[in-house]
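At position 8 of the sequence shown the residue is numbered 8 (the UniProt record's numbering), and the sequence of numbers has no breaks. Working notes, beginning with the structure itself.
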Amino acid sequence: MRRMTEVPSIRAHGSKMMTLTSQDKTELYFSSLPGQGVIYNVIVRDPKWNTSAAYVPVHTYACSLSALVNNCYTFRRLSTKIFFTNLAFLGLFVCFLGHRFWKTGLFFNGFIFKAFFLFIIITKESALSYDATLGLTAAAGIIGALLLVGYWWRFGLVIPCMLIVGLVLGSLVSSAFFFTPVGDY
């Protein structure tokens, strides 16, 4: 915070996000990661007198202490670590051996597709605990994965199965793209 109180120090240690004129609406939105501290500051410049002044800096950790899902403690829970560690191992397996084990790749993509949408719906529409939400998400993901593999086994059509795989890849690429500074605009 000390480095973000004076104009020369802000310019040396900060990154410029936007320039506004006196006619612009001063409403800005930024995306940030939960638990990652960010300091926001405003520098006002007077072109007539060629002077600058810094406003009081504001900081955030992008997490709420009272929220059910997006709180500061979600990533530290044992259930979260177990769930995402298993997903990471399955993802690495599919990444390196996916074409040799086609049905495993379909299972993984069906799991991601169904679990992603149901996690959003369960979180928004119910007041369940985080562990119950994670358990229902895993169960729904397994059902979605079995449905996709069963569809492949019964009908053998490639196009609908690859549509699901393409949607998962598209969401991954768009998430990575919006994680870059482009997502701040």
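Backbone N, C-alpha and C fix where the C-beta goes; we use that ideal spot for every residue, glycine too. Computed from a predicted structure; not experimentally measured.
Beta-carbon proximity list for residue i, same chain, < 6 Å, skipping 5 on both sides
i, result
"S32", "V38, A62"
"F119", "T137"
Residues bridged to residue i [DSSP beta-bridge criterion]
i, result
"V38", "T60"
"I43", "A54"
Beta-carbon proximity check, residue i vs residue j, cutoff 7 Å
i, j, result
"I122", "T133", "yes"
"L148", "G183", "no"
"M4", "I10", "yes"
"V94", "I43", "no"
"N71", "P57", "no"
"I164", "F108", "no"
"residue 225", "C161", "Within the shown structure, residues of the chain are numbered from 1 to 185, placing residue 225 beyond reach of any answer."
"S174", "D131", "no"
Other residues of its chain near residue i: CB distance less than 8 Å, five sequence neighbours each side excluded
i, result
"A115", "T137, A138, A140, G141, G144"
"L146", "F107, G110"
- Task: Go through the region 45-124 residue by residue and report every complete run of the alpha helix (DSSP H) that reaches 4 residues or more, in order.
- Result: 78-97
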